[in-house]
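First the structure, in the form of structure tokens, and then the observations on it.
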Amino acid sequence: MADQPAHTLDHIFQNNKKWVETKSKADPAFFNNLAAGQKPNYLYIGCSDSRVPANEIMGLEAGEVFVHRNIANLVPNVDLNVMSVINYAVRHLRVKHIIVCGHYNCGGVQAALTSADLGLLNPWLRNIRDVYRLHEKELDAIPDEHQRYNRLIELNVVESCRNIIKTAAVQQSYDRDEFPVVHGLVFDLRDGLLRNLEIDFEAMLQDVKKIYCLSPGPKKD
1 MADQPAHTLD HIFQNNKKWV ETKSKADPAF FNNLAAGQKP NYLYIGCSDS
51 RVPANEIMGL EAGEVFVHRN IANLVPNVDL NVMSVINYAV RHLRVKHIIV
101 CGHYNCGGVQ AALTSADLGL LNPWLRNIRD VYRLHEKELD AIPDEHQRYN
151 RLIELNVVES CRNIIKTAAV QQSYDRDEFP VVHGLVFDLR DGLLRNLEID
201 FEAMLQDVKK IYCLSPGPKK D
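Residue numbering for the sequence shown follows UniProt numbering, beginning at 1 and increasing consecutively.
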């Protein structure tokens, strides 16, 4: 059938060559600069959804953003994958901003709202269900099911930001250098725009450190 995917990756290699030609024509030093190393200012933690390409939606080029993606942009503190990414980005790349980006119509969040056994996904989706439990009163007060779903998507981003702030790497780096700052965004597939959740990073940091303090505080002169 014509709509079936090809059995080869010829189109991928063709696209790659076109991309190389376009980049080289616009900036002859582009690939030399890439090979020299990376110094991104941003760590982006987003959903694996194929409709939300990190670099493109932020208008950033290769080398400008360090990217980690998983189902529903979660940051479980027991997940060595995401914790390793945060630690490397903060301690070694010394990123200035950490962006958690969710998106409306998120299948992971929708699955978490389903009363069903989803097998291997159960322990992962439990993190989203825990977000619902933490904000149950607010969410249950929203009569419209779709609005409740969207609000859970936003709150899931907020809680991922909170989990990032709980890490020693972020607390110690911020006390020492006043970066990174953590931001929560939501991408709207309907219009392509990013919504800023306006997270008060300083207030959240101080609130988190009441219980999860892993840094002695900023050094005094």
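From the three backbone atoms N, C-alpha and C, an ideal C-beta is built for every residue, glycine too.
Assign residue i to one of three DSSP states: helix, strand, or coil.
| i | result |
| --- | --- |
| A205 | Checking the displayed sequence, the identity of residue 205 turns out to be Leu instead of Ala. Three-state DSSP puts L205 in a helix. |
| F66 | strand |
| H97 | strand |
| R91 | helix |
| H7 | coil |
| N32 | helix |
| G119 | helix |
| L43 | strand |
| G184 | strand |
| G102 | strand |
Give the straight-line distance between the Cα atoms of residue i and residue j, rounded to the nearest whole angstrom.
| i | j | result |
| --- | --- | --- |
| L60 | P53 | 11 Å |
| L116 | S50 | It should be pointed out that residue 116 corresponds to Ala in this sequence rather than to Leu. Distance between the alpha carbons of A116 and S50 is about 24 Å. |
| A35 | E64 | 13 Å |
| V170 | V85 | 12 Å |
| E138 | L189 | 25 Å |
| K96 | C47 | 21 Å |
| L125 | G108 | 7 Å |
| Q110 | N73 | 13 Å |
| F187 | Q147 | 15 Å |
| L155 | L197 | 9 Å |
Counting along the chain, where does the alpha helix (DSSP H) carrying residue i start and finish?
| i | result |
| --- | --- |
| L113 | Per DSSP, L113 belongs to no alpha helix (DSSP H) and is neither H nor E. |
| Y132 | 122-134 |
| N77 | Taken as a continuous stretch (DSSP letters only), N77 belongs to no alpha helix (DSSP H), as it is neither H nor E. |
Tell me which residues share the same chain as residue i and place their Cβ nearer than 6 Å to its Cβ, disregarding the 5 neighbours each side in the sequence.
| i | result |
| --- | --- |
| F201 | V181, V182 |
| Q172 | S215 |
| I199 | C161, G184 |
| Y212 | K166 |
| A89 | L43, F66, V95 |
| L194 | L185, F187 |
| V75 | V82, S160, N163, I164 |
Near residue i, what residues of its chain come up, given a Cβ to Cβ distance below 7 Å and the 5 sequence neighbours on each side ignored?
| i | result |
| --- | --- |
| R129 | A112 |
Between which two residues does the beta strand (DSSP E) containing residue i stretch?
| i | result |
| --- | --- |
| I71 | Run containing I71: none; DSSP gives neither H nor E here. |
| N196 | 194-196 |
Go through its chain and collect everything with a Cβ distance to residue i's Cβ below 8 Å, but skip five positions before and after it.
| i | result |
| --- | --- |
| M204 | C161, R162, I165, V182 |
Kindly indicate if chain E contains any beta-carbon less than 7 Å away from that of residue i.
| i | result |
| --- | --- |
| S215 | This model lacks chain E altogether, as it is built from one protein chain only. |
Those runs of the alpha helix (DSSP H) which lie wholly inside the region 140-181 and span at least 4 residues | 145-165, 168-177
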